[in-house]
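Here the UniProt record's numbering is used: the first residue of the sequence shown is 1, the next is one more, and so on.
Here a beta-carbon is modelled for each residue, glycine too, at the ideal position from N, C-alpha and C.
Since the model is a prediction, treat every value here as computed from it, not as a measurement.
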Amino acid sequence: MIATLKGFTQQLVPVNGIKINAVTGGSGPPILLLHGWPETWWEWHHVMPLLVEHFSVVAIDLRGAGFSDCPLDGYDKATMARDAHEVMVALGHERYAVCGHDIGGMVALPQAAIYWKAVTRLAVLDVPLPGWTQWEATTARIWHFSFHMNRDLPERLIHGREYDYISAFMAERFYDHSTFNPADVEIYAKAMVLPGRTRGGMEWYRTLAADHAAALEYKKRPLDIPVLGLGGDQRFGAHMVPMLKEFASNVTGGSIARCGHYVADERPDEVAAALIDFLKAN
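This is the structure:
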């Protein structure tokens, strides 16, 4: 099954020496959506139809995921931010908002820091960020960070068991399991089976030490654009605003009730409403 969404079109956009899969729809002020692991742009498929009534919506597959290229290198978050920025420019969006969840949030922050003339607003959803004062202490308690950082081993263990691994991984991070759709897991598993995609996802983690060092530099020039931090009350919700205040001066947000890590899957209506309010605020 190839994931498609009514009212949206997909295209491969050549940027930064590779091709990135972009899904676009709507009109109005542009917003870019960046997914996390182990998902693809499909993470946003409940949110996008709600946003498209107000905005030009662009959701991409990050390098190493979905139908985007998975080169051997370039998985540091600054390079991935360049991918994302160049997609927006190629689509005619010189200035835009960006929203990232999980690994996508780790890309969105440097995107706002590096391309500060282009990024008008930043939203980060449920993720500990490299550069945060609690980064080492927090990530040391999250088992999959160290597992995914191993060279070659995760790929060997996950091969042939993509659905088993992803379904167990995501179920562990849901709070309201009535919102957990096995068909979505099937989409992510089939995407991960594509050549190089399991490795691509692991590479996102293997660069995190370098990402942390780079993020410490971003903090020396705090963002002055509006920033939204949201997370599930059962995961990182309580940390999002204080964490982002280390990087930016104008931060709002908080927790989404009865929600785990995958906020766009569990509570798409609340996520979309928060983004609409945030993006339309003066």
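First through last residue of the alpha helix (DSSP H) which encompasses residue i
{"i": "Ser146", "result": "143-149"}
{"i": "Ala272", "result": "268-280"}
{"i": "Thr138", "result": "135-139"}
{"i": "Val107", "result": "103-114"}
Supposed close pair residue i, residue j - CB separation, criterion 8 angstroms
{"i": "Ala65", "j": "Gly201", "result": "6 angstroms"}
{"i": "Val47", "j": "Val271", "result": "6 angstroms"}
{"i": "Phe62", "j": "His35", "result": "With the sequence shown as reference, residue 62 is identified as Leu, and Phe is not the correct amino acid for it. Indeed they touch by this definition, with Cβ atoms about 7 angstroms apart."}
{"i": "Leu223", "j": "Ala113", "result": "7 angstroms"}
Opening and closing residue of the beta strand (DSSP E) in which residue i lies
{"i": "Gly25", "result": "18-26"}
{"i": "Val15", "result": "9-15"}
{"i": "Arg121", "result": "119-125"}
{"i": "Gly254", "result": "251-256"}
Buried versus exposed, by CB contacts within 10 Å (16 or more), residue i
{"i": "Pro182", "result": "exposed"}
{"i": "Asn16", "result": "buried"}
{"i": "Gly7", "result": "exposed"}
{"i": "Ser161", "result": "First, the residue type needs correcting, since residue 161 is Arg and not Ser in the sequence shown. Looking at its Cβ environment, which holds fewer than 16 other Cβ atoms inside 10 Å, Arg161 is exposed."}
{"i": "Trp37", "result": "buried"}
{"i": "His177", "result": "exposed"}
{"i": "Leu72", "result": "exposed"}
{"i": "Ala97", "result": "buried"}
{"i": "Arg95", "result": "exposed"}
{"i": "Thr9", "result": "exposed"}
{"i": "Ala137", "result": "exposed"}
{"i": "Ser68", "result": "buried"}
{"i": "Leu164", "result": "Here residue 164 turns out to be Asp, not Leu, going by the sequence shown. Exposed: under 16 other Cβ atoms inside 10 Å."}
{"i": "Thr198", "result": "buried"}
{"i": "Gly168", "result": "The amino acid occupying residue 168 in the given sequence is Ala; Gly does not appear at that position. Exposed is the call here."}
{"i": "Asp184", "result": "buried"}
{"i": "Trp41", "result": "buried"}
Neighbourhood of residue i by C-beta distance below 6 angstroms, restricted to the same chain and skipping five residues each side
{"i": "Val127", "result": "Asp102, Gly105"}
{"i": "Tyr188", "result": "Pro38, Glu39, Ile166"}
{"i": "Phe278", "result": "Leu228"}
{"i": "Ile20", "result": "Val13, Ile60, Ser68, Asp83, Val87"}
{"i": "residue 284", "result": "The structure shown has nothing for residue 284, since the chain only spans 1 to 282."}
{"i": "Leu33", "result": "Trp44, Ala59, Cys99"}
Close beta carbons around residue i, own chain, < 7 angstroms, minus the five adjacent residues each side
{"i": "Gly196", "result": "Cys70"}
{"i": "Val251", "result": "Val227, Gly229, Val241, Leu244, Lys245"}
{"i": "His212", "result": "Pro130, Gly131, Trp135"}
{"i": "Ala238", "result": "Ser255"}
{"i": "Val52", "result": "Gly7, Gly25, Gly26"}
{"i": "Tyr175", "result": "Gly232, Gln234, Arg258, Cys259, Gly260, Glu266"}
Same chain, Cβ closer than 8 angstroms to residue i, five either side skipped, listed in chain order
{"i": "Ala281", "result": "Pro226"}
{"i": "Leu129", "result": "Gly105, Met106, Leu109, Trp135, Ala215, Met243, Leu244, Phe247"}
{"i": "Pro268", "result": "His46, Val47, Leu50"}
{"i": "Arg173", "result": "Arg235, Gly260, His261, Tyr262"}
{"i": "Ala171", "result": "His177, Phe180"}
{"i": "Ser249", "result": "Pro222, Leu223, Asp224"}
Along the chain, which unbroken stretches of the beta strand (DSSP E) at least 3 residues long are found entirely within the segment 30-100? 30-34, 56-60
Complete beta strand (DSSP E) runs within the segment 158-244 (minimum length 3 residues, chain order): 227-232
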